[in-house]
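Residue numbers (full-length UniProt numbering): 1 to 321.
Using N, Cα and C, we set each Cβ at its ideal position, and we do this for glycine too.
Small disclaimer: the values here were computed from a predicted structure and weren't measured.
Inspection log for the structure reproduced underneath, given as structure tokens.
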Ligand SMILES: C[S@@+](CC[C@H](N)C(=O)[O-])C[C@H]1O[C@@H](n2cnc3c(N)ncnc32)[C@H](O)[C@@H]1O
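The structure is reproduced here in structure tokens:
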């Protein structure tokens, strides 16, 4: 692949790196093509997927307290959301803040233009007064673009336990880098899925209807469609695991036979042994103690924790020191 590397898309390069590694992996950020966006919307409505309902409950029940904490002693702020998705939960806050006459603007950032278009159209209709400045791109490229004019208090939302998609090794680096992009006094409102009954956790990634399986396998379909690969989707199984000691949930695609897959865009053939796994996603679960440590290591202090009634989930409000 070496002589063509320079002309390959980042997508093709990342897929090659993952499939040429041992063990094999694929980055979860590539789940979200148009079909992946739709499948994730379905996952959020699944009976087993408690995460969305918990965060929804926190926003719905505690929106007044959340607004008070966001404002503190200020009268305005710039609200930025990393990986906004379709913003279903965020809309609860956006509506409340608008109804309360708060002086704020909203900048959703997402790698998926498709999902940003849906969100922007929806907000135009549902909250016409809201000032929206959507930015397509990777978290930090978009944040850097946004912060060219940083003169107002910024409140950054990072919801849906998106932070859980970073390994325990890379999350502190990500949070430190995020902190480096903020000014003293700025706020980060960040969702963490908490450790709980392991059976509840595992079911959330292995639903009865098989939507999470379809979401995982769609990554291979996307590689077929966009990079000219010939993955046989029937020959991969969805297999999630949860380790109650480390709090790590992992999703895998397991090759159920020995096989070879060719990808036109990389010009390479990749061999799979029978029952060889591709690691596709990590969804870390946390304790309140580990969350406080993360905040301190990244240069923040915890202002307040907002939890749901079952203590399944926390939206933790941090202030940059
Ligand atoms: C799991 S969804 C969560 C959406 C929303 N935050 C929520 O809580 O419902 C993750 C979203 O983050 C976006 N995303 C993933 N990796 C990203 C990256 N590196 N940069 C920007 N957006 C990213 C995806 O496109 C997707 O819309």
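Distances between the C-beta of residue 138 and the heavy atoms of ligand 1 include at least one below 7 Å. In the DSSP assignment, residue 301 falls outside any alpha helix (DSSP H) and lies within the beta strand (DSSP E) extending over 300-307. The beta carbons of residue 274 and residue 251 sit no closer together than 8 Å.
Fully contained in the segment 132-210 are the following beta strand (DSSP E) runs of length 3 or more, in chain order: 154-158 and 187-193. The Cβ atoms of residue 88 and residue 157 lie no closer than 8 Å to each other.
By alpha-carbon distance to residue 103, the top candidate from 42, 79 and 288 is 79. Annotation: the continuous alpha helix (DSSP H) that includes residue 124 extends over 113-126. Cβ neighbours of residue 93 within its own chain (closer than 7 Å, five residues either side excluded): 59, 63 and 66.
Within its own chain, no residue has a Cβ closer than 6 Å to the Cβ of residue 20 once the five positions on either side in sequence are excluded. For residue 146, the distance from the CB to the nearest heavy atom of ligand 1 is not below 7 Å.
Ligand 1 has no heavy atom closer than 7 Å to the beta-carbon of residue 188.
For residue 112, the distance from the CB to the nearest heavy atom of ligand 1 is below 7 Å. In chain order, 24, 25, 26, 252 and 253 place their CB closer than 7 Å to the CB of residue 278, counting only its own chain and leaving out the 5 sequence neighbours on each side.
Runs of the beta strand (DSSP E) spanning 3 or more residues and lying entirely within the segment 42-111 occur at 76-82 and 103-110, in chain order. For residue 253, the beta-bridge partners assigned by DSSP are 238 and 278. Distances between the C-beta of residue 32 and the heavy atoms of ligand 1 include at least one below 7 Å.
Just so you know, the alpha carbons of residue 114 and residue 34 end up roughly 7 Å apart. A residue is called buried when at least 16 other Cβ atoms come within 10 angstroms of its Cβ; residue 245 does not meet this threshold and is exposed.
With respect to residue 50, residue 200 sits close: the two C-beta atoms are nearer than 8 Å. Remark: the shortest separation between the CB of residue 261 and any heavy atom of ligand 1 does not fall under 7 Å. Three or more beta-carbon pairs separated by less than 8 Å link the segment 216-227 to the segment 236-243, which places the two stretches in contact.
The beta carbon of residue 29 sits closer than 7 Å to at least one heavy atom of ligand 1. Relative to ligand 1, even the nearest heavy atom lies 7 Å or more away from the CB of residue 118. For residue 314, the shortest C-beta to heavy atom distance toward ligand 1 is 7 Å or greater.
Residue 249 is not a Cβ neighbour of residue 211, given a cutoff of 8 Å.
Taking all protein chains shown into account, residue 284 has 16 or more neighbouring C-beta atoms within 10 Å of its C-beta and is therefore buried. Relative to ligand 1, even the nearest heavy atom lies 7 Å or more away from the CB of residue 64. For residue 74 and residue 121, the gap between their C-alpha atoms comes out near 30 Å.
For residue 231, the three-state secondary structure derived from DSSP is coil.
Cβ atoms of residue 298 and residue 176 come within 8 Å of each other, at about 5 Å. The beta carbons of residue 228 and residue 263 sit about 7 Å from each other, so the pair counts as a contact at 8 Å.
DSSP places residue 30 within a helical segment (H, G or I) once states are collapsed to three. The C-alpha of residue 128 lies about 51 Å from the C-alpha of residue 22.
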